[in-house]
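A.B. asks: My structure is below; once you've seen it, I'll send some questions.
Residue numbers (full-length UniProt numbering): 1 to 167.
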């Protein structure tokens with residue numbers, strides 16, 4: 001959990017940087033990549049990373065600008081990437097100006113459970129990582145390159161002078 005506002009900001013900046021790199025690699029055509037019959041396509045998952053910020057974080061009392069969760073995913077990848085960039089900047093500013101280290105220990109009702117704001121921020125980052133994993137799989141299926149979040153992706157091994165691990 002986070003004990004300081006700055007520790008959350010530092011972690012979120014790192015995680016959102018990785019997410020932003022993936023969103024910047026999307027193409028308009030890739031947004032239609034399906035998961036499976038009856039499931040939402042890549043574009044929906046990408047857009048969820050932009051608007052999901054509102055649900056969990058608004059429950060902490062934070063106020064910031066972000067697209068509505070009821071909005072439809074844009075058909076242009078650049079619009080999604082730019083919206084994510086703006087939303088993450090708004091979140092960081094809101095956390096920096098609206099929370100204090102002491103406030104992180106306040107309890108809020110989150111999904112019918114009692115969580116501290118610190119726990120909520122931690123869960124929010126894990127939620128983003130979960131959807132980023134879905135995004136990378138769909139990007140591979142769409143033929144797009146991906147980046148490694150916690151180690152090199154297949155395409156990155158050569159860039160660091162190492163052989164690609166055997167299958």
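Glycine residues also receive a C-beta, built at the ideal position from the N, C-alpha and C atoms.
On a predicted model such as this, the values are computed, not experimentally measured, just so you know.
1. Is residue 19 near residue 58, with beta carbons less than 9 Å apart?
2. Which complete beta strand (DSSP E) runs does the region 49 to 81 hold, if anything under 3 residues is left out?
3. Rounding to the nearest angstrom, what Cα-Cα distance links residue 90 and residue 56 in this structure?
4. Report yes or no: do three or more beta-carbon pairs, one from the region 26 to 35 and one from the region 111 to 125, lie closer than 8 Å?
5. Would you mind sorting residue 16 into buried or exposed? The rule is 16 or more other CB atoms within 10 Å of its CB.
6. Please check the pair residue 30 and residue 81, which I expect to be a contact at CB under 8 Å, by giving their CB distance rounded to whole angstroms.
7. Between residue 85 and the rest of its own chain, which residues show a CB-CB distance below 7 Å, the 5 nearest in sequence each way excluded?
C.D. replies: Based on what the coordinates show:
1. To locate residue 19, count along the chain shown from 1; it is residue 19. To locate residue 58, count along the chain shown from 1; it is residue 58. The answer is no: Cβ separation not under 9 Å.
2. none
3. If you number the chain shown from 1, residue 90 lands on position 90. If you number the chain shown from 1, residue 56 lands on position 56. Rounded to the nearest whole angstrom, the CA to CA distance from residue 90 to residue 56 is 15 Å.
4. Because the criterion of three Cβ pairs below 8 Å is not met, the region 26 to 35 and the region 111 to 125 do not touch.
5. Taking the first residue of the chain shown as 1, we reach residue 16 at position 16. Answer is buried; the Cβ neighbour count reaches 16.
6. Here residue 30 refers to the residue found at position 30 when the chain shown is read from its first residue. Here residue 81 refers to the residue found at position 81 when the chain shown is read from its first residue. At roughly 12 Å, the Cβ-Cβ gap does not stay under 8 Å, so residue 30 and residue 81 are not in contact.
7. Sequence index remark: in the chain shown, residue 85 carries index 85 (1-based). For residue 85, where only same-chain residues beyond five positions count, the Cβ hits under 7 Å are 20.
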